[in-house]
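Going down the list, the sequences are from chains A and B. Throughout the first sequence, residue numbering follows our numbering, covering -8 to 180 in sequence. Throughout the second sequence, residue numbering follows our numbering, covering 188 to 443 in sequence. Glycine included, C-beta positions come from ideal geometry on N, C-alpha and C. To start, the structure itself, in structure tokens.
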Amino acid sequence: MYEASDSSLMQAVREGDLGALAILFERHHRPLFNYFVHMNGNRDLSEDLVQDVFVRMLKYRQSYQPERAFTAWMYQIARNAQTDSIGKRKFEVALPDREFASANVMEENLKRKQEISILKRAMARLPVEKRELLVLSRFQNLKYDEIASILGCDVGAVKVRVYRAVRALGQIYFELSGPSAQGGTRTAG
Amino acid sequence: MNCEQARTQFVDYWRGTLEDTRAEFDAHLASCEHCRAEAEDLKDMWSALGALPDEDPSLRLRARFYDSLREWRRREAIHRPAFWWLRHPAFQTAAAMLILAAGIGTGYVLRGREISEVSHLRGEVDNMRQLVALSLLQQQGASDRLRGVSYAYRVEPDDSQVLSALLTTVDHDSNVDVRLAAVDALKKFTNNPVGRNGLARALAKQDSPLVQIAILDEIVEVHDKTARPAIQALVTSPDVNPEVKQHAQWALRQLQ
């Protein structure tokens, strides 16, 4: 009962059983929301975009091809929704620095919060293409072939691009961490 | 393997998916200090990314989704393909005459129609509650399934699909809390013979004393004497927890 695949559910939606989309919503709305939050740093906008993705799934359900991974199709729609709604410039807006605002806590928590905050700021400074690669590969845990299908490239290119994105993130992270942190790193530059 | 080739393998190394090239990759790292340092430093970055906490959307998101899904279903139900004769002028003239006649009679039946529209809307809401309950009960996460059980309270007591999903949950769910919540939710359905029989049947399938006791309490509460054989079987079974047996004997006395 708990094992209906994403693909079979989407096929049911395509054939007119719109209720099957509710199961897909319950399965995927949270990861999708986090995808958007990582991409644009705005919770309200991200909720609007999640809603938009599921409406587009209904609208374009006839275009779903069962031989293609459902998540690849879904993130393709998500990318289009994001691009359509805010355009290239706002797409690269920096994530808000929420963690520092509430940092008046125990020292360990503070350190952890600062690390998280720096990491988020580093993510926000990454070029959008690199940030998206990290979100898909690390936060959404998509397989290489799924990412390749979303981005329209081959698996080898995905691996190399993810490596370069992590490397770029590392450089920004250590710059933001200040000289003391940079002393410990061997990879800057 | 040279440095460039090794770097194309870094992501697999961090993800733990290096397979065929593992030996060559390890050999390169052992001999190249720069690659070794970079692989390890960036591995920390990779791990830190994975530890970033997820954010939860607001409850409004779910409400919005189900509202729009309901709207889509309603629209699709209305927009059936029209027959060609619907657009024919002769038909349209006749239809206009009929509408005029119907308009005269409308005042007489308006009140009745309002009632029917309200009951139609209520039916739609019930239908969406059923959909939410059924969808959540099929999720992997126990907290989602618990929410699904809570939605089951909001459907009509004659909803056989939700009843069936709850009984399946009681019989098969891997999480005891979810099973217990489902047993509680079944109280709503105990006027239904399927619900009562399902509870009695579920008794034999349970291995959790907590759930067994909850089911026994519910059977006693609705005074379902037809469940006596199932309870008797529990008393005589060698594998049942002594406290459950004791409770089963008490239940049998209550049902005399």
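Checklist line | Delimiting residues of the alpha helix (DSSP H) encompassing B/CYS219 | finding: Per DSSP, B/CYS219 belongs to no alpha helix (DSSP H) and is neither H nor E.
Check: Which of the residues in the stretch 48 to 61 of chain A, read from start to end, lie with their CB under 7 Å from any CB of chain B?
Finding: Listed by position along the chain: LEU49.
Next item on the list: Out of A/GLY161, A/ALA63, A/VAL153, A/PRO118, state which residue places its alpha-carbon closest to the alpha-carbon of A/ASP136.
Entry: Distance from the Cα of A/ASP136 is smallest, within the candidate group A/GLY161, A/ALA63, A/VAL153, A/PRO118, for A/ALA63.
Notebook entry, point to check: Which value, in whole angstroms, describes the spacing of the CA atoms of A/ALA69 and B/ASP360?
Noted result: Each residue's Cα considered, the two are about 33 Å apart.
Checklist line | Close Cβ partners of A/VAL182 (< 6 Å) along its chain, the five nearest in sequence each way excluded | finding: Coverage of chain A is limited to positions -8 through 180, which leaves residue 182 of chain A absent and any answer about it impossible.
Item checked: First through last residue of the alpha helix (DSSP H) which encompasses B/LEU390 -> Element bounds for B/LEU390: 380 to 392.
Margin query: Less than 8 Å between CB atoms is the rule here; does B/TRP272 satisfy it with respect to chain A?
Written below: At B/TRP272 the pLDDT is 46, less than 50, meaning the model places this residue with poor confidence; the figure from the coordinates comes in the next sentence. No, B/TRP272 lies away from the interface with chain A (no Cβ there is under 8 Å from its Cβ).
Notebook entry, point to check: What are the start and end residues of the alpha helix (DSSP H) that includes B/CYS190?
Noted result: From DSSP, the alpha helix (DSSP H) with B/CYS190 extends over 190 to 194.
Item checked: Run of the alpha helix (DSSP H) containing A/ARG158, from where it starts to where it stops -> If you look at A/ARG158, you'll find it in the alpha helix (DSSP H) that goes 146 to 168.
Note to self: Quick check: the Cα distance between B/LEU373 and B/ILE406, rounded to an integer number of angstroms?
What the structure shows: Each residue's Cα considered, the two are about 11 Å apart.
Check: Interface residues of chain B around A/ASN25 at Cβ under 8 Å?
Finding: The contacting residues are ASP241, GLU242.
Check: Mind listing which residues of the stretch 5 to 18 of chain A have their C-beta closer than 8 Å to chain B's C-betas, in chain order?
Finding: Sequence-ordered contacts of the stretch 5 to 18 of chain A with chain B read GLY7, LEU9, GLY10, LEU12, ALA13, ILE14, PHE16, GLU17, ARG18 [C-beta pairs closer than 8 Å].
Checklist line | chain A residues whose Cβ lies nearer than 7 Å to that of B/ARG194 | finding: Result: TYR154.
Item checked: Cross-chain neighbours of B/LEU248 in chain A, by beta carbon under 8 Å -> Correct list: HIS20, PHE24, GLU38, VAL41, GLN42.
Notebook entry, point to check: How is B/ASP426 classed by DSSP in three states: helix, strand or coil?
Noted result: Three-state result, B/ASP426: coil.
Notebook entry, point to check: With burial defined as no fewer than 16 other Cβ atoms inside 10 Å of the residue's Cβ, what is the status of B/HIS221: buried or exposed?
Noted result: It counts as exposed.
Checklist line | Neighbourhood of A/VAL44 by C-beta distance below 8 Å, restricted to the same chain and skipping five residues each side | finding: Cβ within range, chain order: LEU23, MET65, ILE68, ALA69, ALA72.
Notebook entry, point to check: In three-state DSSP terms, what is B/GLU206?
Noted result: Of the three classes helix, strand and coil, the one that applies to B/GLU206 here is coil, per DSSP.
Notebook entry, point to check: Name the chain A residues that come within less than 8 Å of B/SER444, Cβ to Cβ?
Noted result: What is shown of chain B runs 188 to 443, which leaves residue 444 of chain B out entirely.
Check: In whole angstroms, what is the alpha-carbon distance linking A/LYS50 and A/MET114?
Finding: Cα to Cα, the separation comes out at about 33 Å.
Margin query: Quick check on DSSP: helix, strand or coil for A/ASN71?
Written below: In the three-state reduction of the DSSP assignment, A/ASN71 falls in the helix class, which pools H, G and I.
Margin query: If we define contact as Cβ-Cβ less than 8 Å, is B/ASP404 a contact residue for chain A?
Written below: Not one chain A Cβ lies under 8 Å of B/ASP404.
Check: Are there 16 or more other CB atoms within 10 angstroms of the CB of A/LYS79, so buried, or fewer, so exposed?
Finding: Residue confidence for A/LYS79 is low, a pLDDT of 46 falling below 50, so the modelled location carries little weight; the figure read from the coordinates is stated next. Under this definition A/LYS79 is an exposed residue.
Note to self: Considering only the alpha carbon of each residue, which of B/VAL381, B/VAL431, B/PHE376 lies closest to B/VAL398?
What the structure shows: Answer by Cα proximity: B/VAL431.
Margin query: Using the three-state DSSP reduction, which class does B/LEU239 fall into: helix, strand or coil?
Written below: Under the three-state reduction of DSSP output, B/LEU239 falls in the coil class, being neither helix nor strand.
Notebook entry, point to check: Roughly how many angstroms separate the alpha carbons of A/VAL4 and A/ARG52, rounded to a whole number?
Noted result: Distance between the alpha carbons of A/VAL4 and A/ARG52 is about 7 Å.
Next item on the list: Name the residue from A/ARG59, A/VAL46, A/LEU36, A/ASN25 whose alpha carbon lies nearest to the alpha carbon of B/ASP243.
Entry: Among A/ARG59, A/VAL46, A/LEU36, A/ASN25, the Cα nearest to that of B/ASP243 belongs to A/ASN25.
Notebook entry, point to check: Is the beta carbon of B/LEU236 less than 8 Å from the beta carbon of A/LEU142?
Noted result: No.
Notebook entry, point to check: Does the beta-carbon of A/LYS150 have 16 or more other beta-carbons within 10 angstroms, so that it is buried, or is it exposed?
Noted result: If you draw a 10 Å sphere on the C-beta of A/LYS150, you find 16 or more other C-beta atoms in it, and that means buried.
Item checked: B/LEU205 versus B/ASP199: straight-line alpha-carbon distance, rounded -> Between the C-alpha atoms of B/LEU205 and B/ASP199 there is a straight-line separation of about 5 Å.
Item checked: Closer than 7 Å at the beta carbon, the chain B residues around A/ILE107 -> Under the 7 Å cutoff, chain B gives LEU239.
Notebook entry, point to check: Can B/SER322 and A/GLU17 be called in contact, C-beta distance under 8 Å?
Noted result: Yes, Cβ-Cβ distance for B/SER322 and A/GLU17 is below 8 Å.
Checklist line | Sufficient close CB pairs (3 or more, under 8 Å) joining the stretch 32 to 40 of chain A to the stretch 340 to 356 of chain B | finding: Flag = no, the stretch 32 to 40 of chain A and the stretch 340 to 356 of chain B do not touch.
Check: In whole angstroms, what separates the C-alpha of B/GLN327 from that of B/LEU333?
Finding: Cα to Cα, the separation comes out at about 11 Å.
Margin query: So with CB distances below 9 Å, who are the chain A contacts of B/GLN326?
Written below: Neighbours of B/GLN326 in chain A, taken as residues at a C-beta separation under 9 Å, are given in chain order as TYR(-7), ILE14, GLU17, ARG18.
Check: Are any of the Cβ atoms in chain B nearer than 8 Å to that of A/ARG112?
Finding: False, the Cβ-Cβ gap to chain B never drops below 8 Å.
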